[in-house]
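Numbering (the UniProt record's numbering), first residue to last: 1 to 291.
What follows is a short report on a single structure.
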Amino acid sequence: MGNRSFTLVIVLLGALVLAFNSLYIVKETERAVLLKFGEIVDPDISVGLHVKTPFVHMVRKFERRILTLDAPTQRFLTIEKKPLDVDFYAKWRVIDTQKFYTATNGEEVRAEGLLAQRINTGLRNKFGERTFHEVVSGERDLLMTDLTRDLNSITTSEFGIQLVDVRVKRIDLPSQVSQSVFDRMKSEREREAREHRSTGRELAEKIRATADRQRTVIGANAYRDAEVLRGEGDALAARTYASAYSADPEFYSFVRSLEAYRTSFNNKGDLLVVDSEGEFFRYLKQGADKR
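Here is the structure:
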């Protein structure tokens, strides 16, 4: 009884091992190829549960989702022979499992190495056709779009990899040339600042000269108008005096004499030497005669 139980256990264990090596599952997030003694017999196994022959067939699984290649910083030269340290990354995924397995033996590390070489070559060519300004800001997005499109056809045909996107994270000048570039940029900005200040001073002088001219013109016009008004006022006063004098010359003469007396004898200490028989004392004499 003990031997039979032991034999049954051995049989069950063997069946479990056989079943474990015969059944396999391909997930939604995976791609897989079926190998028979190292030769691909099914390049694209569908998702789900499958059966294989133990020790004859082997299944290699790959990631179906988009993967990220974070490449180390590389140095490239622009068309002006300026070195730039470029840090970039790429998004990729497996779309042809047979080509991918044949080219890389199904190893993601090897695939990323091959992909990085292609991207480095493409970036070196693209940077070598453009200036520093175009690479940094002017045509950066266009450069990445063209590079992705050009490399995608190559990686698909050679490695079975779809290159989804290539992006630059950072572009730096090498440390040995950064200071000289910064100094040159600083001097250019200072030159622009001096030009702006010079232009501002020139505009200020023009504005100040215009304001002074307008002030002079306004003052002259105001003085002219004041003189005209003063002349008109004097003429009106003269006409008024003349009209009053012609209406009653004797009364007018009397009023003017009183004003002359008030002005002449305003201070008690004033001394006036005139002829007592003159016209100035006519009304005083007439008053004395009436008394």
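Note that CB positions come from ideal geometry on N, CA and C, so glycine has one too.
- Counting C-beta pairs closer than 8 angstroms gives three or more between the stretch 149-165 and the stretch 94-103, which meets the contact rule.
- As summarised for the stretch 67-111, the continuous beta strand (DSSP E) elements at least 3 residues long and confined to that stretch are 67-70, 74-77, 83-94, given in chain order.
- Exclusion of the five residues before and after R75 leaves P83, L84, D85, V86, P174 as the residues of its chain whose Cβ lies within less than 8 angstroms of its Cβ.
- A residue is called buried when at least 16 other Cβ atoms come within 10 angstroms of its Cβ; L229 does not meet this threshold and is exposed.
- In terms of Cα proximity to A111, the closest of I79, T145, D70, I207 is D70.
- Checking the DSSP bridge columns, you'll see L49 partnered with I25.
- For D150, the closest of H133, K169, N120 by C-alpha to C-alpha distance is N120.
- Residue nearest to R64 within the set R31, R170, M185 is R31 (criterion: CA-CA distance).
- Annotation: A209 to T216 spans about 11 angstroms, alpha carbon to alpha carbon.
- Rounded to whole angstroms, T148 and T156 show a C-alpha spacing of 12 angstroms.
- A distance of 8 angstroms or more separates the beta carbons of I45 and L35.
- A buried status is given to K126, since no fewer than 16 other beta-carbon atoms sit within 10 Å of its beta-carbon.
- A direct Cα-to-Cα measurement between S187 and R130 gives close to 24 angstroms.
- Out of P43, V51, I40, R4, the CA that lies nearest to the CA of S22 is found in V51.
- For I40, DSSP records a beta bridge to L35.
- Here the alpha carbons of V109 and I40 stand approximately 21 angstroms from one another.
- The C-beta separation of D165 from A90 comes to about 7 angstroms, placing the pair in contact by the 8 angstroms criterion.
- For F159, there is no enclosing beta strand (DSSP E); the residue is part of the alpha helix (DSSP H) that begins and ends at 140-159.
- In this structure, DSSP gives E129 a state outside helix and strand, which the three-state scheme calls coil.
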